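S.K.: Quick note on our numbering: the sequence shown kicks off at 778 and runs consecutively.
Glycine included, each C-beta is placed from N, C-alpha and C at the ideal position.
Here the structure is a predicted model, which is why all the values come from computation and not from measurement.
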Amino acid sequence: MDGIKRQLRHKFRIVTADDPVLGLKIFQNDGPFSIVVSDMKMPTMSGVEFISQIKSINEDVICLILSGKSHMDDTIDAINQGNIFRFLIKPCTKEELVSAIEKSIDYYDLRAEKKELLTVVEEKNRQINRYVSMIVHDLKNPIGAIKTLSDLLLSEEEKLDEEQKEFVGLIQKSAVDSLNDINEMMETIRTNNGNRILNLEQKNIVIEVEEVIENLDIFATNKNIQIILENSNGSMSNYDPKAVHDVLNNFISNAIKYSHTGKKIKVIIEDISDQEIRISVKDQGLGLSEDDTDNAFQEFKRLSSKPTAGESSTGMGLFIAKNLVEKMNGRVGVFSKGKNQGSTFWFTLRK
C-alpha cells in the first residue's frame, strides 16, 4: 500500500484506514472522496456491507474491491447491486491496482463532466422555455382578438356576401388552429418544466369520455364520421379529470383528422385486470408506418400521414398525452397493421 501511495500521491490525495469503521468515519468527515478501494474480507463487516454504507453516504463515489476467489459469490452480488465499478482478484500486483485506480478516476471525471454538461443543457432548456413561453403568451392575445372579431362578423353573416363569408371563415379557422397550436406549445412547456400538478379523483371514466365525444361531434359530423362508444357503463378509476379530458381530446381529434369522410371511430372502455382499465380509440383511418408506431409519442414527432382535410398538427399532442397518462400512473400505446389499415391509440388508468 505504501508503494501505491507513493506512486499516486503526486496527483491525488490518498487516505487509508486499518478497519472499515474508521474508514466510514474518515469518508464521512474528511471527504469528499472520488474513489474507494476496499478489501472483501475485513473485521467487523464485509466489503459488500462497507461499500453499501459508503454508497448511502455518497452514491457518486467509484468503488473498487479486492477479493479472493473464495468470496466470488459475495463479489458478484455487490456488482449486481450496482455498487462496484471493478473488482480485482487477489493476489493483485501494484501495477494492476494502480491501473484500476487510474481508470476509475478517468471514469469519475468523465461522469462528472457529463453531469455538469447536463446541468448546463437543462438550464439552457429552461431559458429557452421561458423565452418561448413569453413569445407564445404575447401571440395568444392578438390571435384571440382576431378569432373574436371573426366570430362577431360571422354572427352577422346576413350582412356579408358569399366571398366575404368565405374569407372571414378562413380567418376564423386559421385563428382557431393557431390558438390550438399555442395551447399545445404552452402545455408542452408546462410538461417539460414539471409545472402541471394533477389531482387524482375516484370517478366513472365514462363522464369524461361522453363529454369529449360531445365536444368533438361537430368536427366528426363535418366529415360524416360516426363516433361509437362501447361499454357506456364505464368503470370507476383514479384520474385527474382535466388530464383525461386532454388525452381523450387528443386521441379522438387525431382519429377524426386522419380519417376519410364516412368512416367510424370506436371509443372502447374495458376492464383489463383488477387494478386497471383501458380506454382505446380505434379508427378506420390512414394507419401508421412502423416508424410512426415506434416514435408516435416522441416530442415534436409528426406522423408521416397528413390530415385528410388539411387540419393542423403540431406534433406535440401525443407527447403531452403520454406524459399526462404516466403522471396518473398509467400506460399508453398504439397499434396499427400498417398504412391505410387504421390505428388504435390506448391508455390505461389505475382503479
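Compute the Euclidean distance between the alpha carbons of Leu843 and Lys880, then round it to the nearest angstrom.
M.R.: One C-alpha to the other measures close to 16 Å.
S.K.: Roughly how many angstroms lie between the CA atoms of Arg973 and Asp1051, to the nearest whole one?
M.R.: Straight-line Cα distance between these residues: approximately 29 Å.
S.K.: Residue range of the alpha helix (DSSP H) that Ile1046 falls in?
M.R.: Premise fails: Ile1046 lies in the beta strand (DSSP E), 1041-1048, not in any alpha helix (DSSP H).
S.K.: Are there 16 or more other CB atoms within 10 angstroms of the CB of Phe944, so buried, or fewer, so exposed?
M.R.: The residue in question, Phe944, is exposed, as its Cβ has fewer than 16 Cβ neighbours within 10 Å.
S.K.: I'd like to check one pair, Gly845 with Lys871: are the Cβ atoms closer than 8 Å?
M.R.: Cβ distance not < 8 Å, so Lys871 and Gly845 don't count as in contact.
S.K.: Run through DSSP, which three-state label would Ile861 get?
M.R.: In this structure, Ile861 counts as coil in the three-state DSSP scheme.
S.K.: Using 10 angstroms around the beta-carbon of Met1013, count the other beta-carbons present and answer buried if the total reaches 16, otherwise exposed.
M.R.: With fewer than 16 other Cβ atoms within 10 Å, it is exposed.
S.K.: Give me the Cα-Cα distance between Glu939 and Lys1083, rounded to the nearest whole angstrom.
M.R.: Between Glu939 and Lys1083, the C-alpha separation is close to 29 Å.
S.K.: Are Phe1124 and Val1024 touching if we call contact CB-CB under 8 Å?
M.R.: Yes.
S.K.: Suppose contacts are defined by Cβ-Cβ distances below 8 Å. Is Leu1126 in contact with Ile984 by that definition?
M.R.: Not a contact, by the Cβ cut-off of 8 Å.
S.K.: Which stretch, first to last residue, makes up the beta strand (DSSP E) that contains Glu978?
M.R.: That run of the beta strand (DSSP E) goes 978-981.
S.K.: With C-beta atoms as the reference, is Gly824 less than 8 Å away from Asp816?
M.R.: The answer is yes: Cβ separation under 8 Å.
S.K.: Counting pairs of beta carbons, one from the segment 925-935 and one from the segment 900-913, are three or more of them closer than 8 Å?
M.R.: Segments in contact, no.
S.K.: Would you list, in sequence order, the uninterrupted alpha helix (DSSP H) runs of no fewer than 4 residues that lie entirely inside the segment 918-983?
M.R.: Listed in chain order, the complete alpha helix (DSSP H) runs (minimum 4 residues) inside the segment 918-983 are 939-970.
S.K.: Just to confirm my understanding: we take Asn1117, look at its own chain, exclude 5 residues before and 5 after, and list those with CB closer than 8 Å. What are they?
M.R.: Cβ within range, chain order: Leu1063, Gly1064.
S.K.: Using the Cα positions of Ser955 and Ala997, report the straight-line distance between them to the nearest angstrom.
M.R.: C-alpha separation (whole angstroms): 20 Å.
S.K.: Which partner residues of Lys1059 appear in the DSSP bridge assignment?
M.R.: Lys1043, Thr1121, per the DSSP bridge assignment.
S.K.: Contact defined as beta carbons within less than 8 Å: I believe Lys961 pairs with Gly1094. What is the distance between those atoms, to the nearest angstrom?
M.R.: Inspection of the sequence shows that residue 961 is occupied by Glu rather than by Lys. The pair is a contact, with the Cβ atoms about 6 Å apart (cut-off 8 Å).
S.K.: Apart from the five residues just before and just after Phe862, which ones in its own chain have a Cβ nearer than 8 Å to its Cβ?
M.R.: Here the set comprises Ile839, Cys840, Leu841, Ser881, Tyr884.
S.K.: Buried or exposed: Asp1017, going by 16 or more other Cβ atoms within 10 Å of its Cβ?
M.R.: Per the 10 Å Cβ criterion, buried.
S.K.: For Leu1006, which residues does DSSP report across the bridge?
M.R.: Partner(s): Val1044.
S.K.: What residues match up with Asp816 in a beta bridge as DSSP calls it?
M.R.: According to DSSP, which records beta bridges pairwise, Asp816 is partnered with Leu843.
S.K.: Would you tell me roughly how many angstroms separate the C-alpha atoms of Asp752 and Gln830, rounded to the nearest one?
M.R.: The requested residue 752 is not part of the displayed model; the chain covers only 778 to 1128.
S.K.: Confirm, please, whether the CB-CB distance from Leu993 to Ile959 is below 8 Å.
M.R.: No, the pair does not count as a contact, with Cβ atoms beyond the cut-off.
S.K.: Using a Cβ-Cβ cutoff of less than 8 Å, which residues in the same chain neighbour Lys1114 once the five nearest sequence positions on both sides are dropped?
M.R.: Cβ neighbours of Lys1114 beyond the five flanking positions: Gly1064.
S.K.: Between Ala1020, Glu987, Ser1057, Glu1067, which lies nearest to Ala1098 when the distance is taken from Cα to Cα?
M.R.: Per the Cα distances, Ala1020.
S.K.: Please confirm whether Ile1200 and Lys950 have their CB atoms less than 8 Å apart.
M.R.: The requested residue 1200 does not occur in the structure, where the chain is confined to residues 778 to 1128.
S.K.: Tell me which residue opens and which closes the alpha helix (DSSP H) that Phe1112 is part of.
M.R.: From DSSP, Phe1112 is part of no alpha helix (DSSP H) but of the beta strand (DSSP E) over 1109-1112.
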